[in-house]
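Residue numbers (the numbering used here), protein chains in the order written: chain A, 12 to 123; chain B, 51 to 161. Heads up, the beta-carbon is just placed ideally off N, CA and C, and yes, glycines get one too.
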């Protein structure tokens, strides 16, 4: 069966520090991968999506970047965190473009 | 204006009550998701439907494509149903499977 792993679960980082969140999927190949952010009191917002290795598309301009170095690995990064980067980050995968999306457990990021 | 609107924003119920959460959307969709987010943040997909009705245990989801409206019903609600329920519309025109999310409905069921 397919599983999605996301870590760390919580993270507290100072402003200006770098960020690396990792997401891996097991039990499937060539998944579509997504990074979402949920700011406090707001709905989920799509940040990045990827349909294949090295193929990253960004939905909104921001302080973050994403990479897909391997088929089932999706990484969210920042060189210098801002206070506004605080939030709950979720990774998701889907088997196809119109398929159901399966979510990871999420990372709660606090930038202080 | 949000492409997906949910109501109510907050809902409190006594154990055993019948619950309804509503979702309206303005985009053309190929399917609609209902998601459940637990207090720790993890999200579980409950349903994906493109027409009619789906049932899983005490949960029922319906969709009316013409009216651009979906409902999630919980029969015989239980305290363990307490969670945030999120409606998400799958954009019909998207090549990547783009979802538009509602802001969620916080459900609290008291024993």
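- Item | Those runs of the beta strand (DSSP E) which lie wholly inside the segment 67 to 112 of chain B and span at least 3 residues | 69 to 75, 79 to 87, 93 to 99 and 102 to 106
- Query: Going straight from the alpha carbon of residue 124 of chain B to that of residue 151 of chain B, what length do you get?
  - Reply: Here residue 124 of chain B is taken as the residue at index 74 of the second chain, counted from 1. Here residue 151 of chain B is taken as the residue at index 101 of the second chain, counted from 1. Distance between the alpha carbons of residue 124 of chain B and residue 151 of chain B: 20 Å.
- Alpha carbon to alpha carbon, how far is residue 16 of chain A from residue 64 of chain B? As a position in the first chain, residue 16 of chain A is number 5, starting the count at 1. As a position in the second chain, residue 64 of chain B is number 14, starting the count at 1. Distance between the alpha carbons of residue 16 of chain A and residue 64 of chain B: 35 Å.
- Item | Rounded straight-line distance, which links the Cα of residue 110 of chain B to that of residue 103 of chain B | Locating residue 103 of chain B in the second chain gives position 53, where the first residue counts as 1. Locating residue 110 of chain B in the second chain gives position 60, where the first residue counts as 1. The alpha-carbon atoms of residue 103 of chain B and residue 110 of chain B are separated by roughly 7 Å.
- Please report the Cβ distance between residue 59 of chain A and residue 70 of chain A, rounded to the nearest whole angstrom; I am assuming they are in contact, meaning their Cβ atoms lie under 8 Å. Along the first chain, read from residue 1 onward, the residue named residue 59 of chain A stands at position 48. Along the first chain, read from residue 1 onward, the residue named residue 70 of chain A stands at position 59. Residue 59 of chain A to residue 70 of chain A, Cβ: 7 Å. Contact.
- Query: With 16 as the cutoff for other CB atoms within 10 Å, does residue 136 of chain B come out buried or exposed?
  - Reply: Numbered from 1 along the second chain, position 86 holds the residue referred to as residue 136 of chain B. With 16 or more Cβ atoms within 10 Å of its Cβ, residue 136 of chain B is classed as buried.
- At a Cβ threshold of 8 Å, is residue 41 of chain A touching chain B? In the first chain, counting from the first residue as 1, residue 41 of chain A sits at position 30. Taking Cβ atoms only, chain B never reaches closer than 8 Å to residue 41 of chain A, which makes this a no.
- Just list the alpha helix (DSSP H) runs in the segment 31 to 108 of chain A, keeping only unbroken ones of 4 residues or longer that don't cross its boundaries, in chain order. For the segment 31 to 108 of chain A, not a single whole alpha helix (DSSP H) run of length 4 or above is found.
- the segment 85 to 100 of chain B contacting the segment 120 to 134 of chain B, beta-carbon criterion three pairs below 8 Å: yes
- Message: With a threshold of 8 Å between beta carbons, is residue 143 of chain B in contact with chain A?
- Response: Taking the first residue of the second chain as 1, we reach residue 143 of chain B at position 93. No, because no Cβ of chain A sits closer than 8 Å to the Cβ of residue 143 of chain B.
- Burial state of residue 42 of chain A (16 or more Cβ within 10 Å): Your numbering for residue 42 of chain A matches position 31 in the first chain. Classification for residue 42 of chain A: buried.
- According to DSSP, is residue 130 of chain B helix, strand or coil? The count along the second chain starts at 1 and reaches residue 130 of chain B at position 80. Residue state, collapsed to three classes: helix.
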